[in-house]
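Protein chains: 2
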Amino acid sequence: MLTERQKRILWAVIDDYIVSAEPVGSRTVSKKKGVGFSAATIRNEMADLEEMGFLEQPHTSAGRIPSQKGYRFYVDHLLQPYMWSKDDLMALHDFYAMKVDHVEQAIKHANSILSQMTNYMTFILGPRLSESKLKALQIVPLHDRAAVSILVTDTGYVHRQHVIVPEGVSLSAIERLVNLLNYRLTGVPIAKLKAIVKHELSEELKRHVEHFDKLTDLLDTILKAELEERVYTSGTTRILDQPEFRDVEKMKSILDLVEESTVLVQLFNSDKEGVQVRIGDENDLEAVNDCSIITASYMINGEPVGTIGVLGPTRMNYGRVIGVLEFLAHDFSRRISAWFE
Amino acid sequence: MLTERQKRILWAVIDDYIVSAEPVGSRTVSKKKGVGFSAATIRNEMADLEEMGFLEQPHTSAGRIPSQKGYRFYVDHLLQPYMWSKDDLMALHDFYAMKVDHVEQAIKHANSILSQMTNYMTFILGPRLSESKLKALQIVPLHDRAAVSILVTDTGYVHRQHVIVPEGVSLSAIERLVNLLNYRLTGVPIAKLKAIVKHELSEELKRHVEHFDKLTDLLDTILKAELEERVYTSGTTRILDQPEFRDVEKMKSILDLVEESTVLVQLFNSDKEGVQVRIGDENDLEAVNDCSIITASYMINGEPVGTIGVLGPTRMNYGRVIGVLEFLAHDFSRRISAWFE
DNA sequence: GTTAGCACTCCAAGGAAACGAGTGCTAAAA
DNA sequence: TTTTAGCACTCGTTTCCTTGGAGTGCTAAC
Numbered sequence: 004m005l006t007e008r009q010k011r012i013l014w015a016v017i018d019d020y021i022v023s024a025e026p027v028g029s030r031t032v033s034k035k036k037g038v039g040f041s042a043a044t045i046r047n048e049m050a051d052l053e054e055m056g057f058l059e060q061p062h063t064s065a066g067r068i069p070s071q072k073g074y075r076f077y078v079d080h081l082l083q084p085y086m087w088s089k090d091d092l093m094a095l096h097d098f099y100a101m102k103v104d105h106v107e108q109a110i111k112h113a114n115s116i117l118s119q120m121t122n123y124m125t126f127i128l129g130p131r132l133s134e135s136k137l138k139a140l141q142i143v144p145l146h147d148r149a150a151v152s153i154l155v156t157d158t159g160y161v162h163r164q165h166v167i168v169p170e171g172v173s174l175s176a177i178e179r180l181v182n183l184l185n186y187r188l189t190g191v192p193i194a195k196l197k198a199i200v201k202h203e204l205s206e207e208l209k210r211h212v213e214h215f216d217k218l219t220d221l222l223d224t225i226l227k228a229e230l231e232e233r234v235y236t237s238g239t240t241r242i243l244d245q246p247e248f249r250d251v252e253k254m255k256s257i258l259d260l261v262e263e264s265t266v267l268v269q270l271f272n273s274d275k276e277g278v279q280v281r282i283g284d285e286n287d288l289e290a291v292n293d294c295s296i297i298t299a300s301y302m303i304n305g306e307p308v309g310t311i312g313v314l315g316p317t318r319m320n321y322g323r324v325i326g327v328l329e330f331l332a333h334d335f336s337r338r339i340s341a342w343f344e
Numbered sequence: 004m005l006t007e008r009q010k011r012i013l014w015a016v017i018d019d020y021i022v023s024a025e026p027v028g029s030r031t032v033s034k035k036k037g038v039g040f041s042a043a044t045i046r047n048e049m050a051d052l053e054e055m056g057f058l059e060q061p062h063t064s065a066g067r068i069p070s071q072k073g074y075r076f077y078v079d080h081l082l083q084p085y086m087w088s089k090d091d092l093m094a095l096h097d098f099y100a101m102k103v104d105h106v107e108q109a110i111k112h113a114n115s116i117l118s119q120m121t122n123y124m125t126f127i128l129g130p131r132l133s134e135s136k137l138k139a140l141q142i143v144p145l146h147d148r149a150a151v152s153i154l155v156t157d158t159g160y161v162h163r164q165h166v167i168v169p170e171g172v173s174l175s176a177i178e179r180l181v182n183l184l185n186y187r188l189t190g191v192p193i194a195k196l197k198a199i200v201k202h203e204l205s206e207e208l209k210r211h212v213e214h215f216d217k218l219t220d221l222l223d224t225i226l227k228a229e230l231e232e233r234v235y236t237s238g239t240t241r242i243l244d245q246p247e248f249r250d251v252e253k254m255k256s257i258l259d260l261v262e263e264s265t266v267l268v269q270l271f272n273s274d275k276e277g278v279q280v281r282i283g284d285e286n287d288l289e290a291v292n293d294c295s296i297i298t299a300s301y302m303i304n305g306e307p308v309g310t311i312g313v314l315g316p317t318r319m320n321y322g323r324v325i326g327v328l329e330f331l332a333h334d335f336s337r338r339i340s341a342w343f344e
């Protein structure tokens, strides 16, 4: 266990390093307010902290930098509640001033405020669809055999898909199919649509819809709707401001991530409620092994449906990010929930 | 006017520089096949070409690099038709092998193939909506007063929007409104929707829809649908492979562009048919003043509806990019047109 | 237990020297 | 008259060495 003094020193090192990104020396720590010891004392303690694995030394005769274990301890035990600054309040003011009129816009907006306030890259996973329920289904014919299917969920998400109407199927058959499905499936969770059609409705559909055998493929296409979850990112270029990403290769591997939305979803998805902090290689993906990811889930009417988060270097301003994220996630939930009451 | 020999030398310099990104010296040029002169002769000619503004010298005792004017001449007069390599054909094979079932997917797919084949950043502007026509309009109620409006165009594009139903308006009134609008507006170009409602339908709507005065706002929201044109980008990180973007500041200004989709639309939009090449500051935007942008429009049933293009450094492999782009744009048109016949 | 002092380490910044790619000019060759 | 070989010169790049300074660990004194 760490002594009070050791804790204070560890805190001082991290607090300084977060800002400077340079190894912190004993002299610097001893001058910091809240630490009343001489450089020599600090040196002894820092050597101990290094032995215990909380600090690291890039090379002899350099200062110390926090190790991953050090950050973890800092986040778990040394963090102080974040104090909002005047600038923060101004930014939040803008947040409230802006009018938004659909979920996607709200997401983009929250995302940009968050990345602006934290100065890191941020992301929001769009509302999880597997848990939302079917509200309406439509098939709109476009030309001859081309049509577009539209699937609306109770969270207001609209999924569209081009489909080809098989030869020999009349418009009225399609209409009938759609009516039946709407009647039977409204309120059913998206994830269960396919199973229900297959096991409970196939007989009925066969009876009431002419040429139904020709329509099974089309129906599959519509309902397969794996409804890829969309990832929205913002502030991608802000990681370029961080000295640790000046290296082109390193930054390329991060930016490549952003284009691979499926990977992003895996990386960020999290069912747990509340704020979660994953530091360094606590993240599974190698490309982010020297990054930290802080996530929070947001809710629609009390149900957690998506994730909002921040990606930055391990040398991250945890206090600030956690504070801002907590607030925005909560507020974002409140905002979009209002549309669904 | 340039002599044959000068043209050949200019060609050789650019052809080399495109690959090496290093200033090209007289010796290198004289050794290139197709140029049968000694280094001294080349030196004299290069000095002339520099005087005429086709070449530049970073400093005395360095080789020459092409100027913007040089690139322009190269593109206009020296380009040879692109020869497809085996690798290209393999990539195209993949292109055909993949099954796609809606426009968005086709766009993403074409985009990734294009950026993979050219090794530059590429983009596709989604089908222009202002010219497409209304196919269907729907309003799906979600909860109490929340609803989502859905607007389908004849190109299969679906635009959705959250709306708030004013107090005191019944569902049946909404239904009536939707029916009337569908009846009257199907086939009308999206750009004209609002004007027609305002000038030709307002009397009729007032007569047939109860509480119509309360619904004007809602109607405006639905039809305002400025239908932001979506920009899809791919291969963003590929510009990091180009030595001219090793500079973090430079690359940041480019990447910032990508996040500003409205700017991108302005930058890339182009009504002209066929392949267009804009070199260096022929582009209005300062951030891309040392980039070249090559665009081609794609068609749905013969109508140009969108743009597909490539962004790279002015030192770009123009021959290859133009060849690939021409082919892919044509092919992409054919593919998506097939869905609308 | 804490602190001042001191020798030691090692990175970073700066500068001289060597290197080499490429030029322009001149004079000879074609 | 045009082309080419030869040569002195320029200038950016690389390499190596020196110097400065920040920071350490250890020892001895407080």
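Protein sequences appear in the order of chains A and B.
Residues in the first sequence are numbered from 4 upward in steps of one, following the numbering used here.
Residues in the second sequence are numbered from 4 upward in steps of one, following the numbering used here.
Backbone N, C-alpha and C fix where the C-beta goes; we use that ideal spot for every residue, glycine too.
- In the structure shown, threonine 224/A falls within a helical segment according to DSSP collapsed to helix, strand and coil.
- Residue pairing by DSSP puts isoleucine 68/A in a beta bridge opposite Glu59/A.
- Runs of the beta strand (DSSP E) lying entirely within the region 238-303 of chain A and spanning at least 3 residues, in chain order: 279-282, 294-303.
- With contacts defined as CB atoms closer than 8 Å, tyrosine 77/B and tyrosine 301/B fail to qualify as a contacting pair.
- For threonine 189/B, there is no enclosing beta strand (DSSP E), as DSSP marks it with neither H nor E.
- The alpha-carbon of serine 70/A is positioned some 46 Å away from that of tyrosine 20/B.
- Beta-bridge pairing by DSSP links threonine 310/B to Ser300/B.
- Along the region 82-107 of chain B, the alpha helix (DSSP H) occurs as fully enclosed runs of 4 or more residues at 89-100, listed in sequence order.
- For isoleucine 153/B, the neighbours in chain A by C-beta distance under 8 Å run, in chain order, Gln141, Ile153, Val155, Val161.
- Short of 8 Å from the beta carbon of alanine 109/A, and not among the five residues preceding or following it, lie these beta carbons of its own chain, in chain order: Val103, Phe335, Arg338, Ile339.
- Among the residues facing chain B, lysine 255/A is included, as its CB has a counterpart in that chain under 8 Å away.
- Counting of Cβ neighbours within 10 angstroms places threonine 63/B among the exposed residues, the total staying below 16.
- In the DSSP assignment, arginine 163/B falls within the unbroken beta strand (DSSP E) covering 161-167.
- For aspartate 91/A and valine 324/A, the gap between their C-alpha atoms comes out near 12 Å.
- Among the residues facing chain A, lysine 138/B is included, as its CB has a counterpart in that chain under 8 Å away.
- Against chain A, the CB of leucine 267/B has no partner CB under 8 Å away; the residue lies outside that interface.
- At a cut-off of 8 Å between C-beta atoms, threonine 125/A does not count as an interface residue with respect to chain B.
- With respect to valine 32/A, valine 16/A sits close: the two C-beta atoms are nearer than 8 Å.
- Chain-order list of chain A residues neighbouring aspartate 293/B: empty, with the shortest C-beta distance near 18 Å, by a criterion of under 7 Å.
- The three-state reading of DSSP puts lysine 36/A in coil, since its state is none of H, G, I, E or B.
- DSSP places histidine 146/A in the uninterrupted beta strand (DSSP E) bounded by 137-146.
- The region 247-256 of chain B makes no contact with the region 126-143 of chain B, as fewer than three CB pairs between them are under 8 Å.
- Judged by DSSP secondary structure, serine 336/A falls outside any beta strand (DSSP E) and instead within the alpha helix (DSSP H) spanning 321-341.
- From the listed residues Gly283/A, Ser295/A, Thr236/A, the smallest Cα separation to leucine 117/A is found for Thr236/A.
- The three-state secondary structure of serine 41/A, taken from DSSP, is coil.
- Under DSSP, leucine 128/A takes part in a beta bridge, and its partners are Val234/A.
- Per DSSP, leucine 196/A is one residue of the alpha helix (DSSP H) stretching across 196-199.
- Distance from the CA of isoleucine 297/B to the CA of aspartate 157/B, rounded to the nearest whole angstrom, comes to 29 Å.
- For alanine 150/A, the enclosing beta strand (DSSP E) covers residues 149-156.
- Around the C-beta of arginine 210/B, fewer than 16 other C-beta atoms lie within 10 Å, and the residue is accordingly described as exposed.
- When rounded, the separation of the alpha-carbon atoms in serine 88/B and methionine 4/B is 34 Å.
- The Cβ of valine 106/B sits closer than 8 Å to at least one Cβ of chain A.
- Threonine 121/B is positioned such that its CB atom lies no closer than 8 Å to that of valine 280/B.
- Look at the region 162-175 of chain A: the residues with a C-beta under 7 Å from a C-beta of chain B are Arg163, Gln164, His165.
- For serine 205/B, the enclosing alpha helix (DSSP H) has its first and last residue at 205-211.
- Going by beta carbons, leucine 58/A and glutamine 9/A fall outside the 8 Å limit.
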